[in-house]
Structure formats: C-alpha cells, structure tokens
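Oh and the sequence shown: position 115 is 115 in the UniProt record's numbering, straight run, nothing missing. C-beta atoms are modelled at their ideal positions from N, C-alpha and C, and glycine is treated no differently.
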Amino acid sequence: MPANDGRTGQDNRPQSRDMMDKAAFQVIVLGPTGGPREDNVTGLLVRSTSTEWSKSSVVAVDAGTLLAGIIRTLEQHITVTKDGKALMKEGPFVGLDLPHATAQANAAYIFREIIGAVLITHPHLDHLSGLAINTPMLEAGNGPKTLAALPSVISAIKNHMFNDIIWPNLSDEDGGAGLVTYQRLVEGGNPRFGRGESRGYVRACEGLVTKCVSISHGRCKQRYHPETGRHHRVGSAVFTTDPLVVPSRTFSVDHSDGGIYSPCTPHPFVPLSSTGGKDSGWATVESSAFFIRDGLTGSEIIVFGDVEPDSVSLEPRNKRVWEIAAPKVASGSLRAIFIECSYNDSVDDNSLYGHLCPRHLIAELKVLAAKVVDAQQADGRRRSNNNKRKRNDSDSADDGSEQVSPRTRRPVPHVPANSCIGGDCIRESISAQSTQPRYNSSDINARELQPPERTPSVTESINAGDANTQPTVRWASDSSDSTTRPPPSPPPLAGLSVYIIHIKDTLTDGPHPGEQILQELRTQSEEAGLGCEFFVPKQGEGIWI
Numbered sequence: 001m002p003a004n005d006g007r008t009g010q011d012n013r014p015q016s017r018d019m020m021d022k023a024a025f026q027v028i029v030l031g032p033t034g035g036p037r038e039d040n041v042t043g044l045l046v047r048s049t050s051t052e053w054s055k056s057s058v059v060a061v062d063a064g065t066l067l068a069g070i071i072r073t074l075e076q077h078i079t080v081t082k083d084g085k086a087l088m089k090e091g092p093f094v095g096l097d098l099p100h101a102t103a104q105a106n107a108a109y110i111f112r113e114i115i116g117a118v119l120i121t122h123p124h125l126d127h128l129s130g131l132a133i134n135t136p137m138l139e140a141g142n143g144p145k146t147l148a149a150l151p152s153v154i155s156a157i158k159n160h161m162f163n164d165i166i167w168p169n170l171s172d173e174d175g176g177a178g179l180v181t182y183q184r185l186v187e188g189g190n191p192r193f194g195r196g197e198s199r200g201y202v203r204a205c206e207g208l209v210t211k212c213v214s215i216s217h218g219r220c221k222q223r224y225h226p227e228t229g230r231h232h233r234v235g236s237a238v239f240t241t242d243p244l245v246v247p248s249r250t251f252s253v254d255h256s257d258g259g260i261y262s263p264c265t266p267h268p269f270v271p272l273s274s275t276g277g278k279d280s281g282w283a284t285v286e287s288s289a290f291f292i293r294d295g296l297t298g299s300e301i302i303v304f305g306d307v308e309p310d311s312v313s314l315e316p317r318n319k320r321v322w323e324i325a326a327p328k329v330a331s332g333s334l335r336a337i338f339i340e341c342s343y344n345d346s347v348d349d350n351s352l353y354g355h356l357c358p359r360h361l362i363a364e365l366k367v368l369a370a371k372v373v374d375a376q377q378a379d380g381r382r383r384s385n386n387n388k389r390k391r392n393d394s395d396s397a398d399d400g401s402e403q404v405s406p407r408t409r410r411p412v413p414h415v416p417a418n419s420c421i422g423g424d425c426i427r428e429s430i431s432a433q434s435t436q437p438r439y440n441s442s443d444i445n446a447r448e449l450q451p452p453e454r455t456p457s458v459t460e461s462i463n464a465g466d467a468n469t470q471p472t473v474r475w476a477s478d479s480s481d482s483t484t485r486p487p488p489s490p491p492p493l494a495g496l497s498v499y500i501i502h503i504k505d506t507l508t509d510g511p512h513p514g515e516q517i518l519q520e521l522r523t524q525s526e527e528a529g530l531g532c533e534f535f536v537p538k539q540g541e542g543i544w545i
C-alpha cells in the first residue's frame, strides 16, 4: 500500500495546514503489519508537534521496523538541492532540517539524535528485531539509547537477545557495550512522578510522557519471576506444577469439541488449579498498552501491543485499560487508540493465538463505551452538586452582604438553553446531556450495551433506493413535551479515532486483508452505536492527531 504525504491523513483525506497546526501529536507509521514480511512489521514514531523536531523529541513505540522504515519514507519524499542539501517539501518528515544529502545518512541522524527513546510493548521479534539490527549505528552517537519497558520485557530482551549469544550484549549491564540503557517501567505508572492528570507518567521524550499498563497476549509455558529477574518454565523448580502438564510445543486434538488446541483455550489434559478453575499449566504472555500524553495540551493517545480479548484470556487485563481511558474519552483528552486487529472474523477463537479480530475488538470497545457513559454520568452529578453548592453559597452571601429587604429577591438572569458564550455552547450542551443515561452499563463484561427502560425516539434515515438500511434509534429525554427535549446526546465514543495495526498480511492476490477487517469493524460499530471512527494506516503514513 502506498504511503501518504504529509498533507494527507486517515484514508488519504487531505488535511489542511490549519488542521496540522492544531494537532498535538504526529504519528509516523513505519510498520503497520504483523508479518509475514520482515520489512513491514510493527513500528511507530510519535512526537509532540510543539517540539518542532528538536533533539530527542521523538519516541519509537516498538521496533520491528525502525531504520529501514525511516529510510524508505525519506526516499519517497526527499529532494536534493543544487548545493547538495536534502530538502523535505512533503511527507511525514516535512519541517525536519536534514543535515545530509542522502536518505540513509539522514535516517541514521534521525535514529541517533531525534529519537530519544524506544518503548517496547513485548519482546516478540516482530516488535523488536529492527532495534537489534540497528543498535550498532549508535556507536557514532553521543550516548546510549533508552529502551523502556515493563521489567518482564526487559528481562526477556536482556537474557534472550542482548546476551552475547543471539546478539552481542550492547546494553550497559553485565559488562556490555553500553549502546542501550534499560529503563524498567512501573506497571500502571509511577505515583512518585507527576502532578494532577500527569501523575504516574514518566518522560518518554522531549514533550511527551507515558504510563504503561500490562495487558495479556495469550499464554505460554514461561513465566516471569520478579525475584530472579528471569523467565522460567512453569514446570521448573521455581514454578512447581502438576507433572501431567504436557510439553510446551505439544498440539493435540480436543475430541470434546472437534477443535485443535491453541494457546487461547486450556488443554483438555492439563489439570485445572483449585482457584477459580484457572489452568495451572500456563502463564500469561505479558504485553503492554502505553498511554502517551502531550505535555503542552494534555491530549493523549494509547498504543497497544499485541493483545487478546478478555473473554478468552487466562488473566483478563483489558478492563483496567478501559477504566483508565474512559474518563479521558469523556473529557475529550484521549484522541486516538492504536490497537491491533490481526485477523478478520472468519478466524475462530481457537486460531487467534492471543490476537484480536473485529468481533472481539468491538466487544472490547463496548466495555470502554459503557465506562465512558459511567464517567459522563459521574461528571454530570459532580457538576450538578457544584452548582447547588454555588447557589447555596450565593444565598448565604445575600443574607448579609448587601442592604436588601427580606422580601426582596434578586432577579436571576435567564440564559437560553441554546445560548453560546465564547464558543463553549457545544461543550456545555454535551456535559448537560451526559447526565441522561443512554445505556445500562452496570455489567462491564456485557457483550452488548443495553438501552435503559424508557420510551425511545426513533429517527429513520433510509437511503434512497436502499430498503435494507436499518433505522437509527436515539434515546431522548423522559419529557412528554417534544419541544422541551434536549437534542440527542452523541454516541459514547464520538470523536475517538481507532487506528488498526498488526494486520496479518496473506500475501495473496486480491484486496489487502485490512479492507475486510475495516469493513467488518465499521459495520459492527455502527450497529452497536459506538460512534468512533476506524482507520487502517499505511506504511510511511504521517497521522496528525
């Protein structure tokens, strides 16, 4: 799929200079797929637009593709002037002052000087191989590159990649070359850092801070032990388990349902533990979701590593991410989510191997939507209580602040419901509407968001010549007087962009797998009334958020 230039964004729609100037983030997609091509696997660059390409102003999130992706993107847009200098008139790196003439020399400069740190979601090769191959380029730099991840991820990289066997020890630990320095992140954020909404976030690069939350990417027979700092086989002396556990690479036929065993379902011959029926022979493959916050605007995005649905997980963890994200969606500070959707819905659960498909991603986003509704309602109650307190304080002040007759009451100015003050009418309208429940979100694990028990107001919008179009149902207020009803509230995820990454390419003739995945997501999202927008970014695309 061809790359977009710097003036285009989602689905190649043109982006005005004004939109780019208002963006808080730019995300450059170096690799949007999950294989099997080695030159297009997962890798993103993220920067705050306020930093204007200063040194250490970009953070890489995963590095399956890194230097090669930068070179490829530069080659498509670089122009060499008569005096031998490179110039970027368009493309995602537009605005960056390039010191060299060739794409490869400028890519090395970006890797050494502009990228301040690399965040790794999990240690699988399609998220890490580019960094390993690229690291020797740092010898000509001015210091080590920071590699930040959860302790279990650092442990895997240290013991199984930079270990002088698979790859030279280029880290600054255990007598290594010192080209990479490890930063072990606190799961869920470090409360010692930050204030207010930034509490728990740590520096990612110039202008950006981040918080890492653990998620599940299926199951395996290796479990991280924090005391040893290593991964151990579940059946080892460190993790004693039942001797009937089968070898880690044994795949057997499950005669109970005719299916083939996969890591997303317990093996039929592995005994279950006595606590909650969990499979005692397996450990969770730990992955990560990075909340990335722009220090200037307070806007945020989330970048997920590989992730499985909570409904099939040995240790469901996505719910916690959605709990953190929901108030940010409700307030409008969370602008976008980058999340995998590796397969289309023709793949059954037994063959997902710790990944998502459209039906499961929509189910996860329904959980987020329910929590957004809860956050909106809580915010509405807080606003209502604050207004009551202000009125009470005003009444108390009236008692003695001025010489007013006991029978005299100050007139309260009438403000029309649709009035605007300084352009804040839309925000206030949405906040007021948020107190009207649209969904019953008491069951956060529900597959569907159920509407409340009230009389719906139905607006049927049938496209001309299309009798199969479904009516759109909007839930209005309880008032019987239609003239006094507020306008319908927006869907819970309205304004949120969801970018689909890690799509597994089939390398066959015909449409790219992303086209079917995108269509399935959009159809199911519309049926669920989520309100978010879905996009499949292309390699080399610059996205302004």
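According to the Cβ coordinates, are L356 and E340 closer than 8 Å?
For the purposes of this step, residue 356 is taken as the residue at position 356 of the sequence shown. For the purposes of this step, residue 340 is taken as the residue at position 340 of the sequence shown. Yes, they are a contact pair.
Is R47 near Q76, with beta carbons less than 8 Å apart?
As a working note, residue 47 is residue 47 in the sequence shown. As a working note, residue 76 is residue 76 in the sequence shown. Going by C-beta atoms, R47 is not nearer than 8 Å to Q76.
With a threshold of 8 Å between beta carbons, is T297 in contact with chain C?
Absent from the structure: chain C. Only one protein chain is present.
Run the CB neighbour count on V213, radius 10 Å, all protein chains shown included, and call it buried at 16 or more, exposed below.
As a working mapping, residue 213 is identified with position 213 in the sequence shown. It is buried - the Cβ of V213 has at least 16 other Cβ atoms within 10 Å.
What do you get for K158, buried or exposed, if any count of 16 or more other CB atoms within 10 angstroms of its CB means buried?
Counting from one through the sequence shown, the residue named residue 158 turns up at place 158. Buried: at least 16 other Cβ atoms inside 10 Å.
Could you check the C-alpha separation between Q183 and I71 for me, to the nearest Å?
As a first step, residue 183 must be located in the sequence shown, where it is residue number 183. As a first step, residue 71 must be located in the sequence shown, where it is residue number 71. Approximately 27 Å, taken between the alpha carbons.
If we call anything under 8 Å between Cβ atoms a contact, is P309 one with A375?
Start at 1 with the first residue of the sequence shown, and residue 309 comes out as number 309. Start at 1 with the first residue of the sequence shown, and residue 375 comes out as number 375. Not in contact: P309 and A375 (Cβ atoms no closer than 8 Å).
Less than 8 Å between the beta carbons of L518 and V536, yes or no?
Here residue 518 corresponds to residue number 518 of the sequence shown, with the count starting at 1. Here residue 536 corresponds to residue number 536 of the sequence shown, with the count starting at 1. In this structure, V536 lies closer than 8 Å to L518 by Cβ.
I'd like to confirm the pairing. Which residues does DSSP put opposite E286 in its beta bridges?
Residue 286 sits at position 286 when you count from the first residue of the sequence shown. For E286, which the question treats as bridged, DSSP gives the partners S216.
Between which residues of its own chain and H360 is the CB-CB distance below 6 Å, once the five residues before and five after are set aside?
For the purposes of this step, residue 360 is taken as the residue at position 360 of the sequence shown. Excluding sequence neighbours, H360 sits near P309.
Output yes or no for whether 8 Å exceeds the beta carbon distance between V307 and I292.
The count along the sequence shown starts at 1 and reaches residue 307 at position 307. The count along the sequence shown starts at 1 and reaches residue 292 at position 292. Their beta carbons are not under 8 Å apart, which means V307 does not touch I292 by this criterion.
Three-state secondary structure (DSSP) of H124
One-based indexing of the sequence shown puts residue 124 at position 124. DSSP places H124 in coil when its eight states are reduced to three.
C-beta contact flag for L30 and L66 at 8 Å:
Residue mapping note: residue 30 aligns to position 30 of the sequence shown, counting from 1. Residue mapping note: residue 66 aligns to position 66 of the sequence shown, counting from 1. It is a contact, given that the beta carbons lie within the stated cut-off.
On the CB-based measure, 16 or more other CB atoms within 10 Å of its CB, does G143 come out buried or exposed?
By 1-based counting over the sequence shown, the position of residue 143 is 143. G143 should be labelled exposed.
Between which two residues does the alpha helix (DSSP H) harbouring T73 extend?
As a working mapping, residue 73 is identified with position 73 in the sequence shown. From DSSP, the alpha helix (DSSP H) with T73 extends over L67 to H77.
Could you name the residues of the same chain whose beta carbon sits closer than 6 Å to that of N418, not counting the 5 residues immediately before and after it, in chain order?
As a first step, residue 418 is located in the sequence shown; it is residue number 418 there, counting from the start. The predicted model places N418 with a pLDDT of 38, which falls under 50 and marks its position as unreliable, so this point remains unresolved.
So what does Q222 bridge to, in DSSP terms?
Locating residue 222 in the sequence shown gives position 222, counting from the first residue. Bridge partners of Q222: R233.
Below 8 Å between beta carbons: does that hold for D294 and L185?
Counting from one through the sequence shown, the residue named residue 294 turns up at place 294. Counting from one through the sequence shown, the residue named residue 185 turns up at place 185. Cβ distance not < 8 Å, so D294 and L185 don't count as in contact.
Across which residues does DSSP place C205 in a beta bridge pair?
One-based indexing of the sequence shown puts residue 205 at position 205. Paired residues: L208.
Within a Cβ cutoff of 6 Å, which residues of the same chain sit near C532, ignoring the five residues on either side of it in sequence?
Against the sequence shown, residue 532 aligns to sequence position 532. Contacts found: L493, L496 and V498.
Nonlocal neighbours in the same chain, by C-beta distance under 7 Å from A156, ignoring five residues either side
As a position in the sequence shown, residue 156 is number 156, starting the count at 1. Closer than 7 Å at Cβ, skipping near neighbours: P123 and H231.
Considering only the alpha carbon of each residue, which of T506, G130 and P513 lies closest to G43?
The residue given as residue 43 occupies position 43 in the sequence shown. The shortest Cα separation from G43 among T506, G130 and P513 belongs to G130.
Less than 8 Å between C-beta atoms, sequence neighbours within five positions excluded: which residues of the same chain meet that for M161?
For the purposes of this step, residue 161 is identified with residue 161 of the sequence shown, where counting begins at 1. If we look at M161 and ignore the five residues flanking it on each side, its Cβ neighbours are P123, L128, A132 and W167.
Report yes if the CB atom of residue 547 is closer than 8 Å to the CB atom of G116, and no otherwise.
Nothing can be reported for residue 547: it is not among the residues displayed for the chain, which extend from 1 to 545.
Since Q104 is in the alpha helix (DSSP H), which residue starts that stretch and which ends it?
The sequence position of residue 104 within the sequence shown is 104, counting from 1. Element bounds for Q104: A103 to Y109.
Can you give the Cα-Cα distance for A24 and G281, rounded to whole angstroms?
The residue labelled residue 24 in the question sits at position 24 within the sequence shown. The residue labelled residue 281 in the question sits at position 281 within the sequence shown. The straight-line gap from Cα to Cα measures roughly 45 Å.
Quick check: F111 and M137, are their CB atoms within less than 8 Å of each other?
Residue numbering aside, residue 111 sits at position 111 when the sequence shown is read from its first letter. Residue numbering aside, residue 137 sits at position 137 when the sequence shown is read from its first letter. Yes.
Between D348, I337, N387 and T51, which has its C-alpha nearest E364's C-alpha?
The residue labelled residue 364 in the question sits at position 364 within the sequence shown. Nearest of D348, I337, N387 and T51 to E364, Cα basis: I337.
Run through the DSSP bridge pairs and tell me what S171 is partnered with.
Here residue 171 corresponds to residue number 171 of the sequence shown, with the count starting at 1. V180.
What is the DSSP secondary structure of R88, counted as helix, strand or coil?
As a first step, residue 88 must be located in the sequence shown, where it is residue number 88. Looking at the sequence itself, residue 88 is Met, so the reference to Arg does not match. Note: M88 maps to strand in three-state DSSP.
Helix, strand or coil: which one does DSSP assign to Q539?
Within the sequence shown, numbered from 1, the residue matching residue 539 stands at position 539. Coil at Q539, not helix or strand.
Please report the straight-line C-alpha distance between R203 and L98, rounded to a whole angstrom.
Position 203 of the sequence shown, counted from the start, is the residue given in the question as residue 203. Position 98 of the sequence shown, counted from the start, is the residue given in the question as residue 98. Their backbone Cα atoms lie some 26 Å apart in a straight line.
In this structure, what does DSSP give as the bridge partners for S497?
Against the sequence shown, residue 497 aligns to sequence position 497. Beta-bridge pairing links S497 to A336 and E533.
What does the Cβ neighbour count give for R223, buried or exposed, with the cut at 16 atoms within 10 Å?
Position 223 of the sequence shown holds residue 223. Burial call: buried.
How is N387 classed by DSSP in three states: helix, strand or coil?
Residue numbering aside, residue 387 sits at position 387 when the sequence shown is read from its first letter. DSSP places N387 in helix when its eight states are reduced to three.
Who are the near neighbours of V41 in its chain, counting only those whose CB is closer than 7 Å to its CB and skipping five residues on each side?
Numbered from 1 along the sequence shown, position 41 holds the residue referred to as residue 41. So the qualifying residues of the chain are G31, T33, G34, G35, G64, T65 and D126.
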